[in-house]
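Numbering follows the working numbering, in which position 38 of the sequence shown is assigned residue number 97; successive positions increment by one, without gaps.
No residue lacks a Cβ here, since even glycine has one placed at the ideal position from N, Cα and C.
What you are looking at is a predicted structure, and each value in this text was computed from that prediction instead of being measured.
Report on one structure; see the data block that follows.
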Amino acid sequence: MNVLVTGATGLIGNAIAHRLVKQGASVRALVRDPARAAKLLPSSVQLVPGDVTSPGTLPAALHDVEFVFHAAGMPEQWHRDDSIFDRVNR
(Lines of atoms letter the chains of each structure in order from A and count residues from 1; the text may use other names and numbers.)
(Lines give C-alpha, C1' and ligand atoms only; values in the text may rest on other atoms or scores of the structure.)
Protein backbone atom coordinates (compact mmCIF):
# COMPACT_ATOMS: atom_id res chain seq x y z
CA MET A 1 0.00 0.00 0.00
CA ASN A 2 1.49 3.36 -1.08
CA VAL A 3 0.47 6.18 1.24
CA LEU A 4 1.15 9.91 1.40
CA VAL A 5 1.05 11.67 4.76
CA THR A 6 0.89 15.46 4.92
CA GLY A 7 1.79 17.04 8.23
CA ALA A 8 4.07 14.10 9.03
CA THR A 9 6.30 16.20 11.30
CA GLY A 10 3.36 17.31 13.43
CA LEU A 11 1.81 15.48 16.36
CA ILE A 12 -0.98 13.65 14.52
CA GLY A 13 0.74 13.17 11.16
CA ASN A 14 3.86 11.81 12.84
CA ALA A 15 1.83 9.23 14.77
CA ILE A 16 0.04 8.24 11.55
CA ALA A 17 3.33 7.84 9.65
CA HIS A 18 4.89 5.72 12.41
CA ARG A 19 1.81 3.48 12.62
CA LEU A 20 1.66 3.00 8.85
CA VAL A 21 5.35 2.03 8.72
CA LYS A 22 4.80 -0.42 11.58
CA GLN A 23 1.93 -1.96 9.61
CA GLY A 24 4.11 -2.42 6.53
CA ALA A 25 2.87 0.42 4.33
CA SER A 26 5.14 2.25 1.91
CA VAL A 27 4.98 5.77 3.34
CA ARG A 28 5.81 9.03 1.62
CA ALA A 29 5.72 12.38 3.43
CA LEU A 30 5.29 15.84 1.94
CA VAL A 31 7.65 17.97 4.03
CA ARG A 32 8.82 21.57 4.02
CA ASP A 33 12.14 20.78 5.73
CA PRO A 34 13.56 17.36 4.77
CA ALA A 35 16.49 17.63 7.21
CA ARG A 36 14.14 18.20 10.14
CA ALA A 37 11.74 15.51 8.93
CA ALA A 38 14.56 12.96 8.66
CA LYS A 39 15.16 13.33 12.40
CA LEU A 40 11.48 12.78 13.25
CA LEU A 41 10.39 10.01 10.90
CA PRO A 42 11.47 6.40 10.34
CA SER A 43 14.23 6.07 7.76
CA SER A 44 11.93 4.07 5.48
CA VAL A 45 9.66 7.09 4.93
CA GLN A 46 10.29 8.72 1.55
CA LEU A 47 10.59 12.48 2.06
CA VAL A 48 9.23 14.68 -0.73
CA PRO A 49 10.07 18.39 -0.40
CA GLY A 50 6.98 20.53 -0.78
CA ASP A 51 4.14 22.36 0.88
CA VAL A 52 0.38 21.86 0.85
CA THR A 53 0.01 25.54 -0.06
CA SER A 54 2.19 25.13 -3.18
CA PRO A 55 0.17 23.13 -5.73
CA GLY A 56 3.21 22.65 -7.96
CA THR A 57 4.85 20.44 -5.31
CA LEU A 58 1.93 18.02 -5.09
CA PRO A 59 2.26 15.91 -8.28
CA ALA A 60 5.61 14.39 -7.20
CA ALA A 61 4.22 13.60 -3.77
CA LEU A 62 1.04 12.04 -5.16
CA HIS A 63 2.65 9.89 -7.88
CA ASP A 64 1.55 6.22 -7.49
CA VAL A 65 -0.11 6.92 -4.13
CA GLU A 66 -3.23 4.93 -3.24
CA PHE A 67 -4.23 6.77 -0.06
CA VAL A 68 -3.62 10.22 1.41
CA PHE A 69 -3.70 11.04 5.10
CA HIS A 70 -4.02 14.82 5.18
CA ALA A 71 -2.86 15.77 8.67
CA ALA A 72 -1.27 19.12 7.80
CA GLY A 73 -2.90 22.01 9.53
CA MET A 74 -2.45 25.52 10.81
CA PRO A 75 -3.98 25.61 14.28
CA GLU A 76 -3.36 29.30 14.78
CA GLN A 77 -6.18 31.34 13.26
CA TRP A 78 -4.33 34.64 13.60
CA HIS A 79 -1.29 34.98 11.40
CA ARG A 80 0.37 37.93 9.66
CA ASP A 81 -0.91 36.53 6.37
CA ASP A 82 -4.70 36.23 6.71
CA SER A 83 -4.97 33.71 3.88
CA ILE A 84 -2.50 31.13 5.27
CA PHE A 85 -5.06 29.55 7.62
CA ASP A 86 -7.47 28.96 4.73
CA ARG A 87 -4.79 27.77 2.29
CA VAL A 88 -3.46 25.15 4.70
CA ASN A 89 -6.73 23.93 6.18
CA ARG A 90 -8.98 23.61 3.15
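Looking only at 93, 88, 120, the smallest Cα-Cα distance to residue 73 is reached by 88.
The criterion of a C-beta distance shorter than 9 Å is satisfied by residue 69 and residue 130. By the beta-carbon neighbour count (other beta carbons within 10 angstroms, threshold 16), residue 66 is buried. Distances from the alpha-carbon of residue 109 to those of 124, 117, 60 put 117 closest.
Under the DSSP assignment, residue 86 falls in the beta strand (DSSP E) whose first and last residues are 85-90.
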